Amino acid sequence: GAVVSQHPSWVICKSGTSVKIECRSLDFQATTMFWYRQFPKQSLMLMATSNEGSKATYEQGVEKDKFLINHASLTLSTLTVTSAHPEDSSFYICSARETGPKGYTFGSGTRLTVV
Amino acid sequence: AQSVTQLGSHVSVSEGALVLLRCNYSSSVPPYLFWYVQYPNQGLQLLLKYTTGATLVKGINGFEAEFKKSETSFHLTKPSAHMSDAAEYFCAVSGTAGNQFYFGTGTSLTVIP
Chain A
-5 GAVVSQHPSW VICKSGTSVK IECRSLDFQA TTMFWYRQFP KQSLMLMATS
45 NEGSKATYEQ GVEKDKFLIN HASLTLSTLT VTSAHPEDSS FYICSARETG
95 PKGYTFGSGT RLTVV
Chain B
2 AQSVTQLGSH VSVSEGALVL LRCNYSSSVP PYLFWYVQYP NQGLQLLLKY
52 TTGATLVKGI NGFEAEFKKS ETSFHLTKPS AHMSDAAEYF CAVSGTAGNQ
102 FYFGTGTSLT VIP
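Line by line, the protein sequences are chains A and B.
Under my numbering, the first residue of the first sequence is numbered -5, with each subsequent residue one higher.
Under my numbering, the first residue of the second sequence is numbered 2, with each subsequent residue one higher.
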């Protein structure tokens, strides 16, 4: 079945630094990938839709300059949290959509802690 | 526009008892409906999905869900709960175009020995 690999699974960084999270579709091509943020005990909130070869579409309230998304190939999307602050600490999850009604495959998530 | 409502943020059942997690949706187009399970500090795993065809959908780990258009519901059930079923469960909906994906707020399932 479809597999999405997300890396790293956890990261601790200092306030003010940037962190890059990778999302790869291992056995299929994903023209569209999605980035979610999940706070403890809450649901997943869609941050942005990443389209291969074009600019990402951000949800209302998400700072595009802070959360940089790059989808340079059909199998890789990256999310860079720039100038991270403690309030950016969260669980970030990506997903990719296969062609057709096959649903969405999710990565294993990245636990970001900013200290 | 689509949205999902999960009734009950916490559900507790005894081991061996019926599991029923409720999900209602609203959609202006024929929906695709999904149930995902999430274990602590992990991503989401697809349990089952409804796209077209048979309205009773069987998924992994003994779970099933029935799409009821008249009730705009897609409740998740399992006849007999197992301790390993304790997790967070999310219902989700997307349109047939699949351009966006909306999650419910999640239901935390506790299984009591």
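The C-beta atom is built at its ideal place from N, Cα and C for all residues, glycine as well.
Since we're looking at a predicted model, the values are computed, not measured.
Rounding to the nearest angstrom, what Cα-Cα distance links serine 12 of chain A and threonine 74 of chain A in this structure? 7 Å
Looking only at DSSP bridge pairs, what is asparagine 25 of chain B linked to? B:Thr6, B:Ser74
Quick one: Cα of leucine 45 of chain B to Cα of alanine 50 of chain A, how far? 22 Å
Residues of chain A with CB closer than 9 Å to the CB of threonine 106 of chain B, please, in chain order. Gln36, Ser37
Three-way DSSP call (helix, strand, coil) for asparagine 45 of chain A in this model: strand
Run through DSSP, which three-state label would serine 81 of chain B get? coil
Can you tell me which of B:Asn62, B:Tyr103, B:Ser85, B:Pro31 puts its alpha carbon nearest to the alpha carbon of serine 15 of chain B? B:Ser85
Verify the CB distance criterion: does glycine 96 of chain B have a CB-CB separation below 8 Å to chain A? no
Closest Cβ-Cβ distance between leucine 57 of chain B and chain A: below 8 Å? no
Distance, phenylalanine 85 of chain A Cα to alanine 82 of chain B Cα: 28 Å
Using a Cβ cut-off of 8 Å, pull out every chain A residue sitting near glutamine 3 of chain B, in sequence order please. Under the 8 Å cutoff, chain A gives no residues; its nearest Cβ is about 12 Å from glutamine 3 of chain B.
Could you tell me the distance, in whole angstroms, from the CA atom of leucine 40 of chain A to the CA atom of tryptophan 29 of chain A? 6 Å
Answer yes or no: does any C-beta atom of chain A fall closer than 8 Å to that of glycine 44 of chain B? yes
Taking all protein chains shown into account, decide if lysine 79 of chain B is buried (16 or more other Cβ within 10 angstroms of its Cβ) or exposed. buried
C-beta contact flag for valine 38 of chain B and tyrosine 103 of chain B at 8 Å: no
Alanine 93 of chain B - containing beta strand (DSSP E), residue span: 88 to 96
Count the other CB atoms, across all protein chains shown, that sit within 10 Å of the CB of histidine 11 of chain B; report buried if there are 16 or more and exposed otherwise. exposed
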